[in-house]
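Take any residue in the sequence shown, note its place counting from 1, add 50, and you have its number in my numbering. Where a beta carbon is used, it is the ideal one built from N, C-alpha and C, also for glycine. Notes follow the structure.
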Amino acid sequence: MRNVRVFEEAWPLHTPFVIARGSRSEAKVVVVELEQDGVKGVGECTPYPRYGESIASVMAQIVSIGEQLERGLTRDALAELLPAGAARNAVDCALWELEAGLANATIPAMLHQTLAKTITTAQTVVIGTPEQMAASAKALFEGGARLLKVKLDDRLIAERMVAIRAAAPEATLIVDANESWHGEGLAARCQLLADLNVAMLEQPLPATDDSALENFIHPLPICADESCHTRESLPALHGRYDMVNIKLDKTGGLTEALALAQEARAQGFALMLGCMLCTSRAISAALPLTPQVTFADLDGPTWLAVDAEPALHFTTGQLHL
Ligand SMILES: [Mg+2]
51 MRNVRVFEEA WPLHTPFVIA RGSRSEAKVV VVELEQDGVK GVGECTPYPR YGESIASVMA
111 QIVSIGEQLE RGLTRDALAE LLPAGAARNA VDCALWELEA GLANATIPAM LHQTLAKTIT
171 TAQTVVIGTP EQMAASAKAL FEGGARLLKV KLDDRLIAER MVAIRAAAPE ATLIVDANES
231 WHGEGLAARC QLLADLNVAM LEQPLPATDD SALENFIHPL PICADESCHT RESLPALHGR
291 YDMVNIKLDK TGGLTEALAL AQEARAQGFA LMLGCMLCTS RAISAALPLT PQVTFADLDG
351 PTWLAVDAEP ALHFTTGQLH L
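So this is what it looks like as structure tokens:
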């Protein structure tokens with residue numbers, strides 16, 4: 051028998067996280083702990099209201115499979131019980147850790163991987179005035195970040211981006227509009243970003259209304275985030291997106307994330323690895339994806355006032371393993 055614990059945690063941020071959908075002051079996560087034969091496996095997820103999830107709904111999903119978990123549920127069987135999403139992610143990652151622990155191995159070793167000692171991560175510039183965003187970009191670049199992820203909404207696109215580019219002329223810039231733009235004017239905005247040497251644009255249009263992406267040749271790569279959850283999302287992305295942003299909270303864990311990465315690459319998509327506001331536990335679980343991705347955006351824990359232990363070692367723009 052396994053012991054199963056499910057609980058919620060709230061981790062205050064040191065600075066409000068402002069994106070097109072709103073502002074956050076804490077990371078609310080759900081944690082699953084499994085214990086078997088003296089070995090523990092821990093998984094964390096961040097329920098996301100955009101996908102119809104709350105702390106309560108995700109905890110209820112996990113509790114609903116509590117007996118199966120106690121009796122030794124496997125990852126393969128889990129995929130049949132819970133849909134892709136945060137709840138399955140926490141359980142899947144806990145099962146991976148438990149499997150590794152029971153085999154006296156690490157997860158990268160189970161996957162025959164050696165991870166890089168240093169991983170470049172994007173650092174996020176959240177929405178503010180053009181001056182605030184430029185100052186943030188400058189400070190991050192001077193602190194050592196070389197990849198900046200700029201959050202935008204539907205306002206002041208040129209003002210913000212011109213100010214940021216002037217403040218960090220050497221930085222690699224990627225932009226995330228979080229579904230806040232419209233088909234009208236989209237091609238001109240993409241050209242503006244390309245002219246400012248922006249390396250990629252993430253999810254400009256709503257996932258439910260992104261057909262306008264087919265109507266022009268992209269002057270910079272466009273990445274699907276809200277439009278890409280699992281392998282099942284891929285057929286609809288052809289002709290609209292060039293890259294997919296893989297997040298374990300969308301795929302429902304590492305198992306499907308690895309399968310999505312393989313299938314997306316086979317279909318010609320480049321890969322990005324993203325995260326929600328989370329602790330180092332969730333980033334550790336995603337690390338096996340890092341060798342395959344063009345951009346890693348793993349700065350979630352750097353927004354926390356205090357991280358969970360054992361905390362990963364971040365410096366500005368880098369994760370040191
Ligand atoms: Mg995004």
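Measure the alpha-carbon distance for leucine 236 versus proline 254 and round it to whole angstroms. In this structure, the alpha-carbon of leucine 236 lies about 8 Å from that of proline 254.
Quick one: what's valine 294 bridged to in DSSP? Ala274 and Leu321
Uninterrupted alpha helix (DSSP H) stretches inside the stretch 115-193 (no shorter than 4 residues): 116-120, 125-131, 136-152, 157-160 and 180-193
Can you give me the C-alpha to C-alpha distance between valine 77 and leucine 354, rounded to a whole angstrom? What sits at residue 77 in the sequence shown is alanine, not valine. Using only the alpha carbons, I get a separation of about 8 Å.
Considering only the beta carbon of each residue, do threonine 340 and isoleucine 169 sit closer than 7 Å? yes
Quick one: grab the DSSP three-state call for asparagine 265. helix
Nearest residue (CA-CA) to leucine 284, options Gln163, Glu313 and Phe364: Selected option, being the one with the closest Cα: Glu313.
What are the boundary residues of the beta strand (DSSP E) that glutamate 372 is part of? The structure shown does not extend to residue 372, since the chain is modelled only from 51 to 371, so the question has no answer here.
Would you mind reading off the limits of the alpha helix (DSSP H) that contains glutamate 245? Checking the sequence, you will find aspartate at residue 245 rather than glutamate. Per DSSP, aspartate 245 belongs to the alpha helix (DSSP H) from 236-245.
So is the beta-carbon of glutamate 252 under 6 Å away from any non-hydrogen atom of ligand 1? yes
Reference leucine 246, options Phe319, Asp349 and Glu209, closest by Cα: Glu209
Specify the secondary structure class of glutamate 313 as computed by DSSP and reduced to three states. Here glutamate 313 sits in helix by DSSP.
Classify glutamate 76 as helix, strand or coil using the three-state DSSP reduction. strand
Under the criterion of a Cβ to heavy atom distance below 6 Å, does aspartate 126 qualify as lining ligand 1? no
When the Cα atoms are used, what is the spatial distance from threonine 96 to isoleucine 112? 13 Å
Any heavy atom of ligand 1 within a distance shorter than 6 Å of the CB on aspartate 275? Judged by the Cβ position, aspartate 275 qualifies as a neighbour of ligand 1 at the 6 Å threshold, a heavy atom of the ligand being closer than this.
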